[in-house]
Amino acid sequence: MQKTSSRLLSLLSLLQTHRDWSGEDLAERLAITVRTVRRDIDRLRELGYLISTVKGPGGGYRLEAGTQMPPMLFDDGQAVALALALQGAATDTTVTEDAARALATLRQVMPPRLRHRIDLLRITAVQPPATDGTLQAAAQVLVDLSRAIHAREEVRFDYTSGPGASGDVRRVQPHHLVTWRHRWYLVAWDLDREDWRTFRADRIRPRTPTGPRFTPRELPGGNVSTFVTSRFRGNDGTTTDWPCRGEVVLHLPAAEVAPFAHDGIVEELGPHHCRLTLGSWSWTGLAAALGCFDTDIVVIGPPQLATAFANLATRYTRAAATGPGTGSTP
């Protein structure tokens with residue numbers, strides 16, 4: 018028979034599956050008697066877990082949400098996974114301090130064998146440098162937006178488009194909070210513009226009170242992942258494809274191109290040539306991205322890509338003529 022602590026952990030794991038359990042079912046799953054189940058249920062209640070008794074022919078038990086955080090029981094795998102997740106959370110400045118405190122608390126109560134595993138797996142989370150000097154979203158802003166999303170309530174907030182810009186008031190039906198490249202965004206239906214929008218959470222200042230309840234609209238693309246990926250690629254939200262996609266031959270080995278091709282397709286044509294298929298939000302942006310490989314380029318298609326290269330060549334020629342030492346001014 019399992020030791021009491023191990024048995025309590027197994028019992029708690031079953032109760033956390035969000036279903037009603039009869040005493041007989043729990044006893045069978047744990048290979049113990051119904052009387053032992055009742056005693057273990059009482060022990061969990063003494064530890065702070067709210068376990069209600071379900072009425073019915075067979076009776077049973079259900080784990081309820083409590084008003085206070087009870088002591089938590091984790092198996093070895095769960096404890097290691099939680100510790101690694103807390104280390105990774107340090108990349109988000111919104112919760113860095115809280116994550117560090119939670120990790121220290123968890124590590125302090127770990128048995129030596131698990132503490133040793135965590136120390137061996139310790140990682141250093143590096144926060145990407147901010148490019149515009151803005152701060153990450155405040156934790157309370159995320160909580161307020163999450164509450165409105167869950168309650169399906171319209172929200173009003175002051176929103177600035179960038180540093181130093183004057184803000185305006187937006188009225189939206191909030192649908193999802195998402196992270197994209199280490200930033201938080203709100204996906205919402207803009208009531209005044211009658212269109213879907215993504216708002217950077219660090220530029221949102223919620224107003225109170227919240228507005229009336231609403232019936233959620235269907236998100237373009239069918240799910241939030243498709244919609245957000247599509248919008249950040251300059252598309253309409255229904256497909257994750259890039260709106261502009263071209264094919265070229267580069268005078269470089271495929272092995273040198275592949276690490277910098279991102280989601281492009283690289284095909285080896287020989288020891289010093291490769292074919293690259295790449296996408297971008299615009300033809301000009303695609304031509305500029307391909308120019309970063311600093312080699313001869315042969316455009317396979319489409320014609321819009323060749324036109325974009327020609328336009329860039331003209332633009333760069335004018336820029337070179339106005340550079341230092343040329344005697345020209347803009």
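So for the sequence shown, this note's numbering puts the first residue at 18; every next one is plus one.
Just so it is clear, CB atoms sit at the ideal spot from N, CA and C, and this is done for glycine as well.
{"query": "Bounding residues of the beta strand (DSSP E) (the contiguous stretch that carries G318)", "result": "314-318"}
{"query": "Where the alpha helix (DSSP H) containing D136 begins and where it ends", "result": "129-137"}
{"query": "Local Cβ density within 10 Å of L159, reported as buried at 16 or more and exposed below that", "result": "buried"}
{"query": "First through last residue of the beta strand (DSSP E) which encompasses E273", "result": "Where E273 is concerned, there is no enclosing beta strand (DSSP E), although the alpha helix (DSSP H) it sits in stretches over 271-274."}
{"query": "Contacting residues, own chain, Cβ-Cβ under 7 Å from L265 (five flanking each side not counted)", "result": "Reading off the sequence shown, one finds Val at residue 265, where the question assumed Leu. L293, L307, I314, V315, V316, I317, listed in sequence order."}
{"query": "I221 Cβ short of 8 Å to the ligand ZN heavy atom set", "result": "This structure simply doesn't include the ligand ZN, nor any ligand for that matter."}
{"query": "Residue burial classification, T277 (beta-carbon count within 10 angstroms, cutoff 16)", "result": "Note on identity: in this sequence residue 277 is Phe, with Thr being the wrong assignment. With fewer than 16 other Cβ atoms within 10 Å, it is exposed."}
{"query": "DSSP three-state assignment for G308, whether helix, strand or coil", "result": "helix"}
{"query": "Status (buried if at least 16 other CB within 10 Å, exposed otherwise) for N252", "result": "buried"}
{"query": "Length of the line joining the Cα atoms of T255 and F216", "result": "18 Å"}
{"query": "As assigned by DSSP and simplified to three states, the class of I282", "result": "strand"}
{"query": "Closest Cα partner of T227 within the set R62, L162, W38", "result": "L162"}
{"query": "For L295, the residue or residues it bridges with in DSSP", "result": "G263"}
{"query": "Buried/exposed call for A234, threshold 16 Cβ in 10 Å", "result": "Strictly speaking, residue 234 in this sequence is Arg, with Ala absent from that position. Burial call: exposed."}
{"query": "Alpha-carbon to alpha-carbon, L61 and S23", "result": "12 Å"}
{"query": "Simplified DSSP assignment, three categories, for S23", "result": "helix"}
{"query": "Alpha-carbon spacing of A156 relative to T243, whole angstroms", "result": "26 Å"}
{"query": "Reduced DSSP category for L67 - H, G, I as helix; E, B as strand; rest coil", "result": "strand"}
{"query": "Identity of the residues DSSP links to R187 by a beta bridge", "result": "F174"}
{"query": "Test item: CB-CB of D207 and R200 under 9 Å", "result": "no"}
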